[in-house]
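Step one of this worksheet: look at the structure below.
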Amino acid sequence: MVREALFYEELNDNTIRCTLCPHRCVLEDGKKGICGVRMNRGGVLYTLNYGELTSIAMDPIEKKPLFHFYPGTEILSISTWGCNMKCKFCQNWEISQQRPAVRRVDPERIVRIAMEHGSKFIAYTYNEPIVWFEFVLDTSRLAAKEGIRNVLITNGFIEPEPLKLLLQTIHAVNIDLKGFNEEFYRKECLGELEAVKRSIEMVYEAGVHLEITTLIVPNGNDNVNELEEEFKWIASIDPDIPLHISRYFPNYKYTEPPTPKEKLISIYERAREHLNFVYIGNLWDEKYENTYCPDCGELLIRRVGYDVELVGIDEEGRCKRCERKILKHL
Ligand code: SF4
Ligand code: SF4
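Per the working numbering, the very first residue in the sequence shown carries number 8; after that it's consecutive.
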């Protein structure tokens, strides 16, 4: 579906500049931006993927991943197509870098589906929700009116003004922080580290629940000393921000073998020196997925795959043994 886009400015001779993400594409009449889903037609910027769904499913909230936001619940998860970054290792490249088959829906239908399935949550995920900004905004506004909480799974590569607007109806965010190396960001992902750091700070300052994911890409962003700078930086915001270190598998244009288990564990251990809640994703080892109290060591949440058991948390999200606050949304 084609809709006029938000966030652009007119230049001259029907040329416009999109101001949604830090690429700030300057588009002559008839041209699309780097994301491939925003187009100048006659001096007006249009979004080309409004309501064009590529998937819709009920998922465990842990799959997003979100480990400290209503653990053990299910969330309606939707995606469209397109992305403003071009990661060579993209795990969802069929929908982020190509135009796939779609099903057309409107925001009212998505909210109705969530309610029919008893889901109190909607996740905007799989491909980059920033490039279906208008659909996310419309749907999240409607959903919030119905008491549904909105979750954004994003690369965080967005300009401050649109992010500020979106955060008014978003309740939780997981941002992909693709390491701590500007060159890696530019060469392997076509993004910018500093812009993503700014988004992380904005989400935190807005009081929106925040978790961070870093996919460990062999011979890409896996230098432990460099990653330690990332861990220190996150800790300087808040050492309680959950960090998901995720195992890479070969995909799209990146052919290195999967991240070795020992590498992930050494990175995990370095991260734990600075952060209170660190998890390893795609390793399927309970030890690295459980939540333990950072103060008294009590097992709080046991995770085996997507089976989740709240064993040591009280109704206010505190450790039952020492009363340390763990789940801050409660
Ligand atoms: S959202 Fe798309 S068109 Fe707009 S600046 Fe980013 S890449 Fe360019
Ligand atoms: S930001 Fe995410 S969806 Fe976009 S190309 Fe990178 S990995 Fe794929």
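From the three backbone atoms N, C-alpha and C, an ideal C-beta is built for every residue, glycine too. Since the structure is predicted, the reported quantities are computational estimates derived from the model, not experimental observations.
Considered as a whole, the region 24-109 harbours 45-48, 51-54, 62-67 and 81-86 as its complete beta strand (DSSP E) runs of no fewer than 3 residues, in chain order. For V158, no alpha helix (DSSP H) segment is defined; the enclosing uninterrupted segment is the beta strand (DSSP E) at R156 to T161. When C-beta atoms of the region 197-216 are compared with those of the region 230-249, three or more pairs fall below 8 Å, so the two segments count as touching. Judged by the Cβ position, L60 fails to qualify as a neighbour of ligand 1 at the 7 Å threshold, every heavy atom of the ligand being at least this far. Less than 8 Å divides the Cβ of R156 from the Cβ of H178. Straight-line measurement puts the Cα of C42 at about 15 Å from the Cα of V9. Relative to the non-hydrogen atoms of ligand 2, the Cβ of S103 comes within a distance shorter than 7 Å of at least one. Put simply, the backbone Cα of N99 is about 14 Å away from that of Y131.
The residues E305, L306 and L307, in chain order, have a CB closer than 8 Å to that of Y299 in the same chain once the five nearest residues on each side in sequence are set aside.
Each residue's CA atom was taken as its position, placing L60 and K194 some 30 Å apart. Counting only beta-carbon distances shorter than 5 Å to the non-hydrogen atoms of ligand 1, the qualifying residues in chain order are C25, L27, C28, H30, C32, G40, I41, C42, R45 and N91. Our two residues, C326 and G319, have alpha carbons roughly 6 Å apart in a direct line. A residue is called buried once 16 or more other Cβ atoms fall within 10 Å of its Cβ, and P267, having fewer, is exposed. The region 195-208 and the region 162-174 touch, with three or more beta-carbon pairs separated by less than 8 Å. Only residues of its own chain outside the window of five on either side were considered, and among them K332, I333, L334, K335, H336 and L337 have a CB closer than 8 Å to the CB of G324, listed in chain order. In this structure, P301 places its C-beta atom within 8 Å of the C-beta atom of N283. Taking every protein chain shown into account, the CB of C329 has fewer than 16 other CB atoms within 10 angstroms, so this residue is exposed.
Relative to ligand 2, the beta carbon of K93 is positioned inside 7 Å of a heavy atom. Distances from the CB of N56 to the heavy atoms of ligand 2 are all 7 Å or more. Cβ neighbours of G198 within its own chain (closer than 6 Å, five residues either side excluded): M92, F164 and Y192. Under the DSSP definition of a beta bridge, A12 lacks any partner. Residue burial is scored here from C-beta neighbours: G49 has fewer than 16 other C-beta atoms within 10 angstroms and is therefore classed as exposed.
Look at the region 135-202 and you find these whole runs of beta strand (DSSP E), each 3 residues long or longer: 156-161 and 179-183. A Cβ-Cβ separation of about 15 Å leaves W139 out of contact with T176 under the 8 Å criterion. A direct Cα-to-Cα measurement between E11 and P257 gives close to 37 Å.
Boundaries of the beta strand (DSSP E) harbouring L250: L250 to R254, taken from the DSSP string. By the neighbour-count definition (other C-beta atoms within 10 Å, threshold 16), E69 is a buried residue. Less than 8 Å separates the beta-carbon of I219 from that of L250. For F238, there is no enclosing beta strand (DSSP E); the enclosing alpha helix (DSSP H) has its first and last residue at V231 to I244. Not one heavy atom of ligand 2 falls within 7 Å of the beta-carbon of W88. Proximity of the beta carbon of E135 to ligand 2 is indicated: a heavy atom of the ligand is located closer than 7 Å. Beyond the five residues adjoining it in sequence on each side, Y275 comes within less than 7 Å, by CB distance, of I252, V285, I287 and Y295 in the same chain, given in chain order. At a threshold of 7 Å, W100 counts as near ligand 2, since its beta carbon sits closer than that to one of the ligand's heavy atoms.
In this structure, the straight-line span from the alpha carbon of A278 to that of F238 is close to 6 Å. Our two residues, V315 and P67, have alpha carbons roughly 9 Å apart in a direct line.
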